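Asks:
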Amino acid sequence: MDRFVLDVAHMLAGGLVLVSFMLLYQDRMFGLLNAFSLHAVVLSLSVAWQAYVQGAPHLYVTAAIALALKAIIIPLALHRLVVKLGIHRTIETVGGIGLTMLAGIGLVALSMVVMLRATAAADPLAREDLAFALAVVLLGLLMMVTRRNAVSQIIGFMSLENGLILAATGAKGMPLVVEISVAFSVLVAFIVIGVFLFRIRERFDTVDVQALDEFRGERR
Amino acid sequence: MSLELLRNLPFDNVTAVLVIPGVAALLLAALPGYRLTAFLNVAATLATLVAALTLLLVRPEPGPYLIVDDLNIVFVVLGTFVGFTTSAFSASYIGHEIEIGRLTPANLRFYHAMYQALMFAMNLALLANNIGLMWVAIELATLTTVLMVGIYRTHEALEAAWKYFILGSVGIALALFGTILVYMAARPVIGEGQDAMVWTALIARAKEFDARLLTVAFIFLMLGYGTKVGLAPVHAWLPDAHAEGPTPISAVLSGLLLNVALYALLRFKMLLAANPDAIAPGPLMATLGLVSLLFASFMLYRRRDIKRMFAYSSIEHMGIIVFAFGMGGPLANFAGLLHMTMHSLTKSAIFFTVGHIAQAKGTQKIAEIRGLTESHPVLGWSLVVGVAAIAGFPPLGIFMSEFLVVTSTFAREPLLAVLLVMGLLVAAGALVLRVTDMAFGEPTGKMGLVEASYLPIFAHLALVLASGIYLPGPLVAWFQNVARLLG
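In the order they appear, the protein sequences are chains S and F. Just so we're aligned, residue 13 is where the first sequence starts under the numbering used here, counting upward by one. Just so we're aligned, residue 2 is where the second sequence starts under the numbering used here, counting upward by one.
Shown next, in the form of structure tokens:
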């Protein structure tokens with residue numbers, strides 16, 4: 013039984029890392045949104061499994077929030093936004109997909125080395141979860157760096173937050189306050205970003221961050 | 002007798018420090034009209050300041066969520082004071098912005114509500130006894146300032162807000178990961194649940210925590226909260242956010258928000274220092290601080306925008322402060338605390354002055370501002386005095402704190418002191434160069450008149466001057482006590 017519990021937890025957390033890689037190579041807007049939905053579904057499964065294993069019913073709430081908000085509502089809203097703005101074209105990436113994937117592999121290796129060494133004393137369920145979570149966080153960061161489009165940066169940021177939730181639920185008995193605040197902060201962050209997107213649209217007729225850069229500080 | 006009265010209040014003063022700005026935020030979001038809301042904004046910050054001052058007299062017992070101790074009370078009193086003077090400056094600043102139509106009444110309602118929400122978030126972050134709650138409060142403070150930076154909706158303001166939002170959120174996310182790791186380290190020792198995130202419980206038993214986990218946690222916390230402090234590799238949001246938002250927000254960012262993030266960093270530094278096997282946090286902080294100082298001091302030479310220049314000066318001074326705390330020991334910690342206080346007061350006074358100057362001249366470009374001491378004598382000379390203070394000239398307060406930082410470094414690491422002094426001189430040179438251009442010579446450009454509020458500027462500069470000449474004994478004893486606490 014113990015072995016089985018561990019295996020399922022690893023499979024789900026590892027699945028999250030895999031979907032993070034899928035996010036990295038999506039070059040169409042709708043594909044990216046769908047991949048993000050999948051990311052959120054895997055996260056909510058993983059959280060639900062933790063809730064079952066730890067016997068912590070409040071984690072089911074976190075799983076439900078992740079499923080409803082991040083797998084359904086936010087992708088749908090972004091989908092509508094993308095259609096409305098007419099930006100469902102190819103996403104350009106910085107540095108090419110192959111290089112990005114290689115960097116991603118390096119980051120995953122790095123997080124394994126760091127976390128497994130640092131948490132030698134912790135229980136195995138938590139420590140490998142934490143290593144996967146760090147990998148997801150770093151891949152989210154990588155995605156934010158390599159994308160120019162504002163919508164893809166938002167997706168990168170939300171996948172990063174998914175990694176944080178994985179870490180928070182893996183830490184057994186972590187107070188609920190923090191989990192809800194994480195879910196809440198994502199919501200707030202989304203509203204903020206949404207407002208920004210509309211304002212950006214209002215002013216620039218584009219959500220390409222490159223266009224924003226042209227107005228960069230230091231005017232003469 | 003008055004103490005008795007305070008003790009018998011139906012709610013304690015800690016709650017008041019949080020409730021007043023919270024209620025004011027809701028009220029100001031609902032009320033129309035510029036004069037009334039600006040007045041209410043000032044009144045609310047004054048009430049918060051009074052409540053914070055009573056914390057000096059009556060200190061409630063630490064609970065599971067809130068705590069008042071020797072360390073955070075310095076930050077709370079300083080923060081509420083600068084919050085109050087900034088709201089007074091903001092009242093006249095906003096009046097002018099409405100006249101020229103840069104802000105609409107709807108914007109204004111939003112602005113005032115956000116100002117109070119920011120005060121609430123910062124006080125909560127400082128008073129929190131729970132590292133999760135502290136994180137939530139700092140996140141809230143970030144979101145409110147992002148919204149205020151973007152309030153003018155110009156190209157530049159939007160870009161600044163977007164950059165600040167992205168960098169700030171990434172920083173905050175890394176800090177959360179660090180917070181989770183601290184909980185993981187504490188859990189085997191303290192046990193599951195609420196207690197393993199309570200600050201007082203953490204510091205009491207930090208010796209028994211897993212050192213390696215704590216080390217990794219600190220790296221994340223330092224990068225995360227360090228982004229909000231504005232340390233060199235992750236500072237990019239700071240100049241834009243300062244330059245493009247309303248000037249009262251620049252003053253609050255430099256005078257308060259950077260300090261709040263610094264406070265979070267100091268708390269975790271104490272935690273690490275209490276565990277003998279974990280990495281020593283001092284050298285890491287000292288390195289980052291020194292790099293920020295050197296980087297910012299050279300960057301000061303190429304600035305063309307007046308607010309952006311002083312934003313770089315904030316990075317420089319946060320570098321000095323983090324360096325001082327990184328060196329550690331009673332003397333360097335004392336110097337760091339003093340420098341932080343002096344920097345908050347001076348830099349917000351400079352931003353008050355710069356705000357009015359930019360309004361009078363209708364521009365923020367340094368090249369178009371000339372001969373201020375002739376065209377606007379009070380503002381011009383205030384700027385000169387403010388810059389003399391921030392550049393570290395005697396007899397003003399910053400000279401003394403910088404002197405303490407340098408001497409305490411010389412006694413222990415002479416080589417680092419050489420770098421430190423070089424950074425200070427380079428920065429002072431840049432500031433003096435730019436300000437002589439702006440303050441003296443033939444006045445050019447627009448000669449607009451503004452209804453400036455000089456009182457906040459004078460109050461801050463007078464405090465800085467007075468503390469440069471004479472520091473009262475009780476204050477010194479208080480700071481020494483906190484410096485010892487910081488280890």
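From the three backbone atoms N, C-alpha and C, an ideal C-beta is built for every residue, glycine too. All values reported here derive from a predicted model rather than from experimental measurement.
#1: Just the Cα atoms here: how many angstroms apart are Val59(S) and Tyr302(F)?
#2: Count the other CB atoms within 10 Å of the CB of Asp217(S); is the residue buried (16 or more) or exposed (fewer)?
#3: Do three or more CB pairs link the region 35-46 of chain F to the region 103-115 of chain F at distances below 8 Å?
#4: How big is the Cα-Cα spacing for Asp278(F) and Leu137(S)?
#5: Does Asp306(F) come out as helix, strand or coil in the three-state DSSP assignment?
#6: By how many angstroms is the C-alpha of Leu111(S) removed from the C-alpha of Leu159(F)?
#7: Hey, Lys348(F) and Ser402(F): beta-carbon distance below 8 Å or not?
#8: Which chain F residues sit within Cβ distance under 7 Å of Lys96(S)?
#9: Contact between the region 78-95 of chain F and the region 220-236 of chain F: three or more CB pairs below 8 Å?
#10: Compute the Euclidean distance between the alpha carbons of Gln481(F) and Tyr226(F), then round it to the nearest angstrom.
#11: For the candidate residues Glu157(F), Leu168(F), Leu177(F), whose alpha-carbon lies nearest to that of Ile177(S)?
#12: Would you kindly check if the distance between the Cβ of Ala350(F) and the Cβ of Gly337(F) is under 8 Å?
#13: Check whether the Cβ atoms of Thr86(F) and Ala463(F) lie closer than 8 Å to each other.
#14: Assuming contact is defined by CB atoms lying nearer than 8 Å, are Ile139(F) and Val18(F) in contact in what I supplied?
#15: Output the distance between the C-alpha atoms of Leu373(F) and Gly246(F), rounded to the nearest integer angstrom.
#16: Can you give me the C-alpha to C-alpha distance between Ala212(F) and Asn276(F), rounded to a whole angstrom?
#17: Who are the Cβ neighbours of Ser145(S) in its own chain at under 6 Å, not counting the five residues just before and after it?
#18: I'd like the span of the alpha helix (DSSP H) that includes Val374(F), first residue to last.
#19: So the alpha helix (DSSP H) Gly469(F) belongs to, where does it begin and stop?
#20: Tell me, please, whether the CB atom of Met2(F) is closer than 8 Å to any CB atom in chain S?
#21: Just the chain F side, please: which residues come within less than 7 Å of Thr112(S) by C-beta, in chain order?
#22: Within 10 Å of its beta-carbon, does Thr408(F) have 16 or more other beta-carbons around it, so buried, or fewer, so exposed?
#23: Residues of chain F with CB under 8 Å from Glu173(S), in chain order?
#24: By Cβ distance, which residues of its chain are closer than 7 Å to Ala484(F), with the 5 residues on each side in sequence left out?
#25: Do you know how far the Cα of Leu380(F) is from the Cα of Ser170(F)?
#26: So with Cβ pairs under 8 Å, would you call Val149(S) a contact of chain F?
#27: Please say whether Leu127(F) and Val199(F) have beta carbons closer to each other than 8 Å?
#28: According to DSSP, simplified to helix, strand and coil, what is Leu434(F)?
#29: Would you say Pro187(S) faces chain F, with C-beta separation under 8 Å as the test?
#30: With respect to the alpha helix (DSSP H) encompassing Asp241(F), which residues constitute its N-terminal and C-terminal limits?
#31: Could you tell me whether the Cβ atoms of Leu420(F) and Leu291(F) are closer together than 8 Å?
#32: Distance check for Val137(F) and Ala47(S), CA to CA, integer angstroms please.
Replies: Looking at the atomic coordinates:
#1: 52 Å
#2: For Asp217(S), the predicted model reports a pLDDT of 47, less than 50, meaning its position is unreliable and no value from the coordinates is stated.
#3: yes
#4: Going by the C-alpha atoms only, they are around 25 Å apart.
#5: Assigned with DSSP and collapsed to three states, Asp306(F) falls in strand.
#6: 31 Å
#7: Taking 8 Å as the cut-off, the beta carbon of Lys348(F) is found no closer than this to the beta carbon of Ser402(F).
#8: Those do not exist, as Lys96(S) stays about 19 Å from chain F at its closest Cβ, beyond 7 Å.
#9: no
#10: 25 Å
#11: Leu177(F)
#12: no
#13: no
#14: No, they are not a contact pair.
#15: 23 Å
#16: 7 Å
#17: With the sequence shown as reference, residue 145(S) is identified as Ala, and Ser is not the correct amino acid for it. Around Ala145(S): Gly175, Leu178, Ala179.
#18: Looking at the sequence provided, one finds Thr at residue 374(F) rather than Val. Start and end: 373-376.
#19: 455-470
#20: For Met2(F), the pLDDT reaches just 41, beneath the cut-off of 50, and the residue's location in the model is therefore unreliable, leaving the point undetermined.
#21: By Cβ distance, chain F contributes nothing, its closest Cβ being about 18 Å from Thr112(S), past 7 Å.
#22: exposed
#23: Taking a Cβ-Cβ cut-off of 8 Å, the neighbours of Glu173(S) in chain F comprise Ala174, given in sequence order.
#24: Only residues of its own chain outside the window of five on either side were considered, and among them Pro331, Asn334, Phe335, Leu338 have a CB closer than 7 Å to the CB of Ala484(F), listed in chain order.
#25: Going by the C-alpha atoms only, they are around 37 Å apart.
#26: Closer than 8 Å to some Cβ of chain F, the Cβ of Val149(S) qualifies, so yes.
#27: no
#28: helix
#29: yes
#30: 238-245
#31: Taking 8 Å as the Cβ cut-off, Leu420(F) and Leu291(F) qualify as a contacting pair.
#32: 29 Å
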